[in-house]
Structures are given as structure tokens and as C-alpha cells.
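Before any comments, here is the structure.
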Amino acid sequence: MLGRREVLELLDREEVAYELYEHEAVFTVEEARAAGIPHRELGAKNLFLRDDKHRAYYLVCLPDDKRVSLREVQERLGSRRLSFASEQDLRSMLGLVPGAVTPLGALNDTERRVEVVLDQAIVDARRVTVHPCDNTATVLLATTDLTALLRRHGHNVRVVDL
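Everything in the sequence shown is counted per our numbering, starting at 950 for the first residue and increasing by one.
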């Protein structure tokens, strides 16, 4: 499983430009704001969701100030009823813990079961801040670079207007 060090090494190896910000551990959007992480306007929140049959898993990344119901996400994705995936699924599928959820965690999904969903607003902003699989750091990177990296590693990325 890729952790912070391995993610940063991968970004370097693949020549993905990023800025790294180290900070205290943050578990919520409110804590991230209080920590004074730069580029607050580019902050993202990430939802790890599953359908009611445990067949489809989604890692949804949207602006941290955007509010959307699970029903709205379900409708936009054309999915069965959605709920939050379990902490056990988060650990086993993405190698992440609550508070460190990030689209970069999809790199740990060797079975390619999780679809990454980026909100159109994240793409339109052209840059996003996400954790590098560890909630004591944040990286700023271009959304095109994030999408390309995930796709190069075999992951499906869908852009949806949430």
C-alpha cells in the first residue's frame, strides 16, 4: 500500500508538479481550515461510497464547501442506492483511514473496484488540494495531472456536475 512517502515519490518519479504543505493531523474540513493549510479555496472533501449491493464503490471528490445529498450523487451517477462505505472497506480497498480519504488512495486499489468521481467544479478550478494518503500533509496539484496519473495507473475517473 502506498503511504505518504510512496505517493510523493511516485509524483516525483512521474514528474507531476505539486506543492507540499505539512500540518497537524486533520480529520474534517473544519480542522483543515483551522490548520491554515494554503489554498483554502481549492480544498476538497472526499466521500467513499458504495451501493446497496456492495458491487459499486465510488470515491467522490468535490469542493469542501459544496453540499450535496447522497441521493443527488446517486442520481448523477446512475447508481443504486448509495451509503458510506465501511471503515474496513476504506482500509482494505484504499489503504486509508478516516480523515485521510483522497483520490490518490485509488492508487492502492489493485483490483480497480473503486471509481473516482471528480465534481465538475474541481475540474473547472484547474487545481485541487488533497492528502497524499496521510492527513498530516496536503498537496496542491493540477486536476489534469491528478486525472492523468490515476488513468495511467488503470483507474477510471469520471467527471460529474454534482
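Just so you know, even glycine gets a beta-carbon here, dropped at the ideal spot from N, CA and C.
Check, Outcome
"Where Pro1052 sits in the DSSP three-state scheme", "helix"
"Complete runs of the alpha helix (DSSP H) confined to the segment 999-1036 [at least 4 residues]", "1019-1026"
"CB-CB length for Asp1094 against Val965, believed under 8 Å", "5 Å"
"Cross-strand partners of Thr1078 (DSSP beta bridge)", "Gly992, Leu1089"
"Limits of the unbroken beta strand (DSSP E) element including Asp961", "From DSSP, Asp961 is part of no beta strand (DSSP E) but of the alpha helix (DSSP H) over 953-962."
"Proximity winner among Val1050, Asp1073, Arg1076, Arg1029, relative to Val1065 (alpha-carbon distances)", "Val1050"
"Unbroken beta strand (DSSP E) run spanning Glu1060, endpoints", "Careful: Glu1060 lies outside any beta strand (DSSP E) and carries neither H nor E."
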